[in-house]
Structures are given as C-alpha cells and as structure tokens.
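**Q** The structure follows.
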C-alpha cells in the first residue's frame, strides 16, 4: 500500500528563532548591541576614509588592507541589526529572499577574512624579505590581481555552496538560528539526501583554512628567519610590528570560530549561549580589527593624527593667517 507524504506549502514569509531575553533586559541588550554596531561602523569607516583620503596610506599594503574593514562592515551589518530588530520588536518574521541574502553575505565574510589575511601576509613577506624588489614585484596590476583573486575565489566557492542548497525543494518555514545561514536554509528542505551539500560545505571550509594557514605560515616563517638574520634591532622591531596586526586578527578569528563550533558540541549548553557564540564570529572581529590596526599600524596612527591636527587648525584660523600675511 503506497503512503502519501504531504508537506506544508512553502511560503516566503518565514519564522526565525529568537533569543530568550528577559523583558527587563530587552532595552539594555538592544542599547548595548546598537552601541557595538555604531562603534564598529564608525571605526571601520574611519579606516576606510583614511585609506581613501590620506596620501601617506596610498601604498600597496593599504590597498589590500582596504578590503578588511570593508568586509568587517559587511559582516556585522548582515548579522547584528537583524537580531537587534527582532529583540526590540519581539517579532521573529523574516522574508525568504532577505534571509538568503543575509546567509550569503555571512558566508562571504568568513571566507573573505581568511583569503584577505593570506594576501596581506604575502605582501608583508615580499616587503620584508625582498625590500629592494618590492616595488617591481608588487606592481599595481599584481596588487589588483591579488585582491581580485581573494574576493573572486571566495565568491565562487560560496556561490556553488548556495547553488547546491537552492536545488532542494522547500517545505518548512522555520529558521532554526537567530540569523540565516546555509545550514538553516538547508533545513527548510522537504528532506532528501544532503550528502553532497555536507561534503562540499566541509570541503570548502577545510580548503579555506588550509590555503590561508599555509600561506600565512610560510610567509611569517620566512619573515621570522629574515628578522633573525638582521643585525639591527630597530629593523627587527619594525618588521615584526608590521605583521603583528595581521597575526592578531587571524588568531582572534580562529579563537572565536573555535569557541562557536565547540559550543554546539558541548552537551547541556543552552541554545541561547550557542547562538551568542555563533553571533560572536560576525561581531567580535569587526569591533576588534580597527582597534588592532589603529594601535599596531604606525602609518594609520600618523594619518589619523594628521586629520585631527588639520581639523583643529580650522578654516577660520587659516584665513586669519592669510590675511595677516597680506
């Protein structure tokens, strides 16, 4: 006797999981989350603005670095505001196309961070290990090619991931996470074999990690060897300082990602705590990165203080100086 399996009709108006926030804590949580978002946008926007406007930062290193605050802005904007709106309004509705866009940007963020850090380590390796040939090696064309390779490789991998997910017929209407991601979208499916999706998802995660770690490990090992061979201590300190920001960013990303993964493997770990750990991937780095680069990158500090100094002088004072000269 044949059994008919009937599935509910799929609709673009979905429900999404939300944090269990105590009613008295809703506004403090919303205010704190908004403060984090505004701080991140301001700091990353400041670095982007400095790189665009200040000639001292018009160097290959900063052309590559430009992509980092940009992807940080994309990461935190795609993840945090959606969650904050749900907390303050008490709703958990999400439109399917918007959900797919959020998931796509979130996955782009994770891969772009790894590839961009690898590209930056290559730049530092050439600058420190081949300083006399740096300008001839890192030509504008090669810099653009390196940046384009990092972004396009990430884009292609994520596009294939979402193409595999989109082929599955949808029946369910509940997103199991507080933000949309590929695994949550996959759970909207009516069922079927997810083997290809799971294998590809794990494969690209491993591929991104192996490529990024290998390139960075090789680059920084060569830089370390070069520093050991140098006799001038000032040169060693300067070389190490130019790499510290990238290394710190990489370790922060890996630590936060590991905590998020482990939180889903620990028995009796509350779902809210798991979701907070997952959200940290897209909020911690966009807040920490501009602080790291502001503190560890001398040229960014100089450019920032130059802008402050110009604004302090002001147009009125300049006019009076000109008039007194006349």
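Residue numbers (my numbering): 9 to 334. Idealized CB from N, CA, C, for every residue including glycine.
Mind pulling the alpha helix (DSSP H) runs of 4 or more residues that sit fully within the segment 96-176?
**A** Counting whole runs of 4 or more residues, the segment 96-176 contains the alpha helix (DSSP H) stretches 104-137, 142-145 and 148-174.
**Q** Which one of 207, 283 and 302 has the shortest CA to CA distance from residue 254?
**A** Nearest C-alpha to residue 254: 302.
**Q** Measuring straight from C-alpha to C-alpha, what distance separates residue 41 and residue 93?
**A** Distance between the alpha carbons of residue 41 and residue 93: 10 Å.
**Q** Within the same chain, show all residues whose beta-carbon is closer than 6 Å to that of residue 272, passing over the 5 residues directly before and after it, in chain order.
**A** So the qualifying residues of the chain are 282.
**Q** Which same chain residues, not among the five before or five after residue 162, have their C-beta less than 7 Å away from its C-beta?
**A** Cβ within range, chain order: 116, 119, 120 and 123.
**Q** Beta-carbon within less than 6 Å of residue 18's beta-carbon, same chain only, minus the 5 sequence neighbours each way: which residues are those?
**A** Only 178 and 179 meet the Cβ criterion.
**Q** Taking just the CA atoms, how far does residue 107 sit from residue 24?
**A** Distance between the alpha carbons of residue 24 and residue 107 is about 10 Å.
**Q** So, does the segment 60-76 touch the segment 84-104, judging by three or more C-beta pairs under 8 Å?
**A** No, the segment 60-76 is not in contact with the segment 84-104.
**Q** Would you decide whether residue 353 is buried or exposed? Buried here means 16 or more other CB atoms lie within 10 Å of its CB.
**A** No answer is possible for residue 353: the residues shown for the chain start at 9 and end at 334.
**Q** Look up residue 316 in the DSSP assignment and give the residues it is bridged to.
**A** Per DSSP, none; premise fails for residue 316.
**Q** With a CB to CB cut of under 6 Å and the five nearest residues on each side skipped, what residues in its chain are close to residue 209?
**A** So the list is empty, once near-sequence residues are dropped.
**Q** Under three-state DSSP, which class holds residue 271?
**A** The answer is helix: DSSP assigns residue 271 an H, G or I state.
**Q** Please report the distance separating the alpha-carbon of residue 197 from that of residue 187.
**A** Approximately 17 Å between the Cα atoms of the pair.
**Q** Taking DSSP as the reference, what is the three-state secondary structure of residue 197?
**A** Three-state DSSP puts residue 197 in a strand.
**Q** Identify the residues that DSSP records as bridge partners of residue 183: which are they?
**A** The partner list for residue 183 (beta bridge, DSSP) reads 24.
**Q** Is it true that the CB of residue 130 sits closer than 8 Å to the CB of residue 71?
**A** No, Cβ-Cβ distance for residue 71 and residue 130 is not below 8 Å.
**Q** Say whether the segment 260-270 touches the segment 22-38, bearing in mind that this needs 3 or more beta-carbon pairs closer than 8 Å, one atom from each stretch.
**A** Result no; under three Cβ-Cβ pairs closer than 8 Å.
**Q** Between the segment 27-36 and the segment 48-60, can you find at least three pairs of beta-carbon atoms closer than 8 Å?
**A** Counting Cβ pairs under 8 Å, fewer than three are found: no touch.
**Q** Let me know the secondary structure DSSP gives residue 178 once reduced to three states.
**A** It is a strand residue.
**Q** If we call anything under 8 Å between Cβ atoms a contact, is residue 114 one with residue 291?
**A** Going by C-beta atoms, residue 114 is not nearer than 8 Å to residue 291.
**Q** So the alpha helix (DSSP H) residue 238 belongs to, where does it begin and stop?
**A** Neither: residue 238 is in no alpha helix (DSSP H) and is coded neither H nor E.
**Q** Do you know how far the Cα of residue 44 is from the Cα of residue 30?
**A** So the alpha carbons of these two residues sit roughly 20 Å apart.
**Q** Return helix, strand or coil for residue 62, following the three-state DSSP convention.
**A** Residue 62: coil per DSSP, three-state reduction.
**Q** I need the boundaries of the alpha helix (DSSP H) containing residue 31, first residue and last residue.
**A** Segment: none, residue 31 is in no alpha helix (DSSP H) and carries neither H nor E.
**Q** When the distance is taken between beta carbons, is residue 166 closer than 8 Å to residue 215?
**A** For residue 215 and residue 166, no; Cβs fall outside 8 Å.
**Q** Taking the CB atoms as reference points, tell me whether residue 136 and residue 308 lie closer together than 8 Å.
**A** No, the pair does not count as a contact, with Cβ atoms beyond the cut-off.
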